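**Student:** Before I ask anything, let me first share the structure, which is written out below as structure tokens.
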Amino acid sequence: MFENRTYRHLHQKKGLISFNVTVKETNLNIQAETDLTDMALKHVLDYRNQIETYIQFHPEFATSLVPVKNLFPVPAIITDMLEAGRMAQVGPMAAVAGAVAQFCGTAMLSYTREVIVENGGDIFVKSDSETVFSIYAKNSPFSMTTGIRIEKRDKPYGLCTSSGTFGHSKSFGKTDATTILSDSCSLADAVATMVGNRVQTGRDIKDAIEAGKSVPGVQGIVIIIGENIGLWGDLKLVRLSP
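Positions 26 to 267 (the numbering used here) are the ones given, in order, by the sequence shown.
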């Protein structure tokens with residue numbers, strides 16, 4: 026079910042405990058000051074139930090490739106996904122992995138000062154130090170040799186990646202990796218889909234970055250397709266040690 030996720034050990038933070046939680050398609054790697062497995066499992070089950078219940082009454086929420094309307098008061102995670110989809114002009118499920126990471130991570134911040142929740146390449150982060158994240162980009166020469174360094178931030182943030190060459194996410198583009206930085210993990214996830222959809226060749230990178238920059242809340246963009254790479258915003262690329 027899950028892609029090779031050996032990259033996870035490359036963003037292991039010193040002083041934090043790492044543990045995994047899996048429920049159906051959701052597979053989280055979490056780092057926190059203590060082992061919060063039971064709590065994380067409870068939150069994953071709760072948020073998945075909220076999403077699955079909403080889909081039962083509104084099937085278009087799961088299938089639409091364009092924004093859909095919020096028809097009546099709904100749980101916060103649904104509202105967040107709907108808004109992320111509207112801002113990125115994609116369907117709300119384009120934000121689902123980022124939303125689950127964000128809501129589970131936020132819930133655990135009552136019990137840990139620092140937390141990293143990674144959900145299939147979509148990462149919610151609250152860290153007291155700079156963090157380097159490895160980039161998995163399938164067959165690109167930048168894959169696992171290049172990282173993204175994010176300086177210490179006072180607020181949590183999201184770093185989300187979409188790909189047209191691997192993974193289970195629907196993409197109409199051909200990037201090996203499209204990564205978005207934002208304070209909102211849900212928005213980063215949705216915009217990663219939107220930006221990635223625009224790239225068929227390296228010549229499309231510039232226009233795709235311009236499209237991503239136009240979305241309020243987007244703070245950084247990395248696009249990788251083969252030997253081509255584009256970078257914009259509040260992040261830095263670093264070479265990873267072999």
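We treat Cβ as the ideally placed atom computed from N, Cα and C, and that holds for glycine.
The structure presented is a predicted model; accordingly, all values stated were derived computationally and were not measured.
Between GLY251, ASN253 and VAL247, which lies nearest to LEU262 when the distance is taken from Cα to Cα?
**Tutor:** Mapped onto the sequence shown, residue 262 falls at position 237. Nearest option by C-alpha distance: VAL247.
**Student:** Of the residues GLU155, PHE82, ASP105 and LYS199, which one's Cα is nearest the Cα of CYS210?
**Tutor:** Here the question's residue 210 lines up with position 185 in the sequence shown. Nearest C-alpha to CYS210: ASP105.
**Student:** Is the distance from the Cβ of GLN244 to the Cβ of SER187 below 8 Å?
**Tutor:** As a first step, residue 244 must be located in the sequence shown, where it is residue number 219. As a first step, residue 187 must be located in the sequence shown, where it is residue number 162. For GLN244 and SER187, no; Cβs fall outside 8 Å.
**Student:** Do the region 169-179 and the region 122-140 touch if we need at least three Cβ pairs shorter than 8 Å?
**Tutor:** No, the region 169-179 is not in contact with the region 122-140.
**Student:** Go through its chain and collect everything with a Cβ distance to PHE44's Cβ below 6 Å, but skip five positions before and after it.
**Tutor:** In the sequence shown, residue 44 corresponds to position 19, counting from 1. So the list reads ILE55, ASP60 and THR62, once near-sequence residues are dropped.
**Student:** Can the beta-carbon of LEU90 be found closer than 8 Å to that of GLY116?
**Tutor:** Your numbering for residue 90 matches position 65 in the sequence shown. Your numbering for residue 116 matches position 91 in the sequence shown. Their beta carbons are under 8 Å apart, which means LEU90 touches GLY116 by this criterion.
**Student:** Cutting at 8 Å between CB atoms, please list the residues of its own chain near SER177, excluding the five before and the five after it.
**Tutor:** Stepping through the sequence shown from its first residue, residue 177 is reached at position 152. This sequence places Lys at residue 177; Ser is not what is there. For LYS177, where only same-chain residues beyond five positions count, the Cβ hits under 8 Å are SER152, ASP153, SER154 and GLU155.
**Student:** Distance check for GLY242 and SER168, CA to CA, integer angstroms please.
**Tutor:** Here residue 168 corresponds to residue number 143 of the sequence shown, with the count starting at 1. Here residue 242 corresponds to residue number 217 of the sequence shown, with the count starting at 1. Spanning the two alpha carbons is a distance of roughly 27 Å.
**Student:** Assuming ILE250 contacts LYS180 under a Cβ cut-off of 8 Å, what Cβ separation, rounded to an integer in Å, is found between them?
**Tutor:** The count along the sequence shown starts at 1 and reaches residue 250 at position 225. The count along the sequence shown starts at 1 and reaches residue 180 at position 155. With a Cβ gap of about 31 Å, ILE250 and LYS180 do not count as contacting.
**Student:** From the DSSP output, read off the bridge partner residues of ILE42.
**Tutor:** One-based indexing of the sequence shown puts residue 42 at position 17. Looking at the DSSP assignment, ILE42 forms a beta bridge with ALA57.
**Student:** Just list the beta strand (DSSP E) runs in the region 156-202, keeping only unbroken ones of 3 residues or longer that don't cross its boundaries, in chain order.
**Tutor:** Here the runs fully enclosed are 156-159, 171-175 and 182-187.
**Student:** Could you work out which residue in LEU256, GLN75 and LYS231 is closest to ALA124 when comparing CA atoms only?
**Tutor:** Here residue 124 refers to the residue found at position 99 of the sequence shown. Comparing Cα positions, the closest option is GLN75.
**Student:** When you compare only the Cα positions, how much space is there between LYS38 and LEU256?
**Tutor:** Your numbering for residue 38 matches position 13 in the sequence shown. Your numbering for residue 256 matches position 231 in the sequence shown. In a straight line, the C-alpha of LYS38 is about 25 Å away from that of LEU256.
**Student:** What does a CB cutoff of less than 6 Å around GLY40 pick up in its chain, not counting 5 residues either side in sequence?
**Tutor:** The residue labelled residue 40 in the question sits at position 15 within the sequence shown. Contacts found: none.
**Student:** I need the DSSP call for LYS151, collapsed to helix, strand or coil.
**Tutor:** To locate residue 151, count along the sequence shown from 1; it is residue 126. Of the three classes helix, strand and coil, the one that applies to LYS151 here is strand, per DSSP.
**Student:** So LEU107 is in the beta strand (DSSP E); what residue range does that whole segment cover?
**Tutor:** In the sequence shown, the residue the question calls residue 107 occupies position 82. Note, LEU107: premise wrong, no beta strand (DSSP E); alpha helix (DSSP H) at 101-113.
**Student:** Let me confirm a value: ARG223 is counted as buried when at least 16 other C-beta atoms fall within 10 Å, else exposed. Which label applies?
**Tutor:** Indexing the sequence shown from 1 puts residue 223 at position 198. That one is buried.
**Student:** Check this for me: beta carbons of VAL93 and LEU107, under 8 Å apart or not?
**Tutor:** Here residue 93 corresponds to residue number 68 of the sequence shown, with the count starting at 1. Here residue 107 corresponds to residue number 82 of the sequence shown, with the count starting at 1. Closer than 8 Å, so yes.
**Student:** Starting from the Cα of LEU265, find the closest Cα among TYR161, HIS68 and VAL99 and give me that residue.
**Tutor:** What you label residue 265 is simply residue 240 of the sequence shown in a count that begins at 1. Per the Cα distances, TYR161.
**Student:** Below 8 Å on the Cβ atoms is my contact criterion, and I expect PHE133 with ALA65 to pass it. Report the Cβ-Cβ distance as a whole number of Å.
**Tutor:** The residue labelled residue 133 in the question sits at position 108 within the sequence shown. The residue labelled residue 65 in the question sits at position 40 within the sequence shown. Looking at the sequence provided, one finds Met at residue 133 rather than Phe. MET133 to ALA65, Cβ: 7 Å. Contact.
**Student:** Could you give the first and the last residue of the continuous alpha helix (DSSP H) run that contains VAL125?
**Tutor:** Translated into the one-based positions of the sequence shown, residue 125 becomes position 100. Unbroken alpha helix (DSSP H) run through VAL125: 121-133.
**Student:** Measure the C-alpha to C-alpha separation of GLY146 and CYS185 and round it to an integer number of angstroms.
**Tutor:** Residue numbering aside, residue 146 sits at position 121 when the sequence shown is read from its first letter. Residue numbering aside, residue 185 sits at position 160 when the sequence shown is read from its first letter. Approximately 6 Å, taken between the alpha carbons.
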